[in-house]
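In UniProt numbering, the protein residues as written are 1 to 169. Let me begin by presenting the structure, written as structure tokens, before commenting on it.
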Amino acid sequence: MAKVLLIEDDPLVVRMYQKVLSFEGFEIEVAADGREGLKKAETLKPDLIFCDIMMPKMNGIEVLDRLKANPDTQAIPVIMLTNLSGTRDAEIAISKGAFAYMVKSEYRPKEVAAYAKEFIQSKSAGTTPSKDKDTSAPSQSTTPDPAASTATGMPSTAGVVPEKVGDKA
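As structure tokens, then:
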């Protein structure tokens, strides 16, 4: 069973993601703030980390910096979750080593779980999931359809910012 660490301070969001990720067969561990998340990442060595950006004590960007600076956690893929839809935070997160950036309001928890499942399956199969396979930003769309999904069942490109964000205004 794949382990997922969810670093999130909103109890409602935690309950939603715990429910859907558990249903998909993940072992879920939760940290309510960045400091707790760093400790759990070191001890648990999860297969994937979902990390909120806006949290008390230590924000998600600081958590990401420390995870990537630590040899024990630097290889763990991190997907940033946020309520912020601006590309500036996405650019910062991606430049600091985040695998992807998802805007919570643009995805249902089931879509996030499906993305995590696909991600872990490709990682387990010995392939590195492509950062831009199903996570590239839409070319011209400024109002993404949160209900859209690809043929693979993965979430659409809405809200996920690839390695190179581009010139989206």
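Ideal Cβ positions, reconstructed from N, Cα and C, are used throughout, including at glycine.
Using beta-carbon positions only, say whether Y107 and M80 come within less than 7 Å of one another. Numbered from 1 along the sequence shown, position 107 holds the residue referred to as residue 107. Numbered from 1 along the sequence shown, position 80 holds the residue referred to as residue 80. Taking 7 Å as the cut-off, the beta carbon of Y107 is found no closer than this to the beta carbon of M80.
Three-state secondary structure (DSSP) of F119: Within the sequence shown, the letter at position 119 stands for residue 119. Correct three-state label for F119: helix.
Extent of the continuous alpha helix (DSSP H) to which Y17 belongs: By 1-based counting over the sequence shown, the position of residue 17 is 17. Y17 -> alpha helix (DSSP H) spans P11 to F23.
Distance, G25 Cα to R15 Cα: Residue numbering aside, residue 15 sits at position 15 when the sequence shown is read from its first letter. Residue numbering aside, residue 25 sits at position 25 when the sequence shown is read from its first letter. Roughly 15 Å between the two C-alpha positions.
Are at least three pairs of beta-carbons, each pair with one atom in the segment 106 to 122 and one in the segment 89 to 96, less than 8 Å apart? The segment 106 to 122, when compared against the segment 89 to 96, does not touch it at the 8 Å Cβ threshold.
Just to confirm the assignment, what range does the beta strand (DSSP E) spanning L81 have? To locate residue 81, count along the sequence shown from 1; it is residue 81. Start and end: V78 to T82.
When you compare each of E42, M58, V103 and L48 to Q121 by their alpha carbons, which one comes out closest? Residue 121 sits at position 121 when you count from the first residue of the sequence shown. Comparing alpha-carbon positions, the option among E42, M58, V103 and L48 lying closest to Q121 turns out to be L48.
Residue burial classification, residue 174 (beta-carbon count within 10 angstroms, cutoff 16): One cannot answer for residue 174 here, as it falls past the ends of the chain, which runs 1 to 169.
Is the CB-CB distance between V63 and G34 below 7 Å? Against the sequence shown, residue 63 aligns to sequence position 63. Against the sequence shown, residue 34 aligns to sequence position 34. Result yes, Cβ atoms of V63 and G34 sit closer than 7 Å.
Label S141 either buried or exposed according to how many other C-beta atoms from any shown protein chain fall within 10 Å of its C-beta, with 16 as the threshold for buried. Residue 141 sits at position 141 when you count from the first residue of the sequence shown. Any reading at S141 needs caution, since the residue's pLDDT is 31, under 50, leaving its predicted position unreliable; the model's value is listed next. Exposed, since its Cβ has fewer than 16 Cβ neighbours within 10 Å.
Can you look up L6 in the DSSP assignment and give me helix, strand or coil? The residue you call residue 6 lines up with position 6 of the sequence shown. It is a strand residue.
DSSP three-state assignment for D52, whether helix, strand or coil: Within the sequence shown, numbered from 1, the residue matching residue 52 stands at position 52. DSSP, read as helix, strand or coil, puts D52 in strand.
By Cβ distance below 7 Å, which residues in the same chain neighbour N59 in space, the five residues on each side in sequence not counted? Walking along the sequence shown from the start, residue 59 turns up at place 59. The beta carbon of N59 is closer than 7 Å to those of G34 and I53 in its chain, skipping five residues each way along the sequence.
L6 versus E42 - alpha carbon distance: The residue labelled residue 6 in the question sits at position 6 within the sequence shown. The residue labelled residue 42 in the question sits at position 42 within the sequence shown. Cα to Cα, L6 sits roughly 14 Å from E42.
Taking the beta carbon of F23 as the centre, do at least 16 other beta carbons fall within 10 Å, making it buried, or is it exposed? Working through the sequence shown from its first residue, we reach residue 23 at position 23. By the Cβ neighbour-count rule, F23 is exposed, with fewer than 16 other Cβ atoms within 10 Å of its own.
If you draw a straight line from the C-alpha of M55 to the C-alpha of A69, how long is it? Along the sequence shown, read from residue 1 onward, the residue named residue 55 stands at position 55. Along the sequence shown, read from residue 1 onward, the residue named residue 69 stands at position 69. Approximately 20 Å, taken between the alpha carbons.
Between the C-alpha atoms of P109 and E29, what's the straight-line distance to the nearest angstrom? Translated into positions along the sequence shown, residue 109 becomes position 109. Translated into positions along the sequence shown, residue 29 becomes position 29. Here the alpha carbons of E29 and P109 stand approximately 16 Å from one another.
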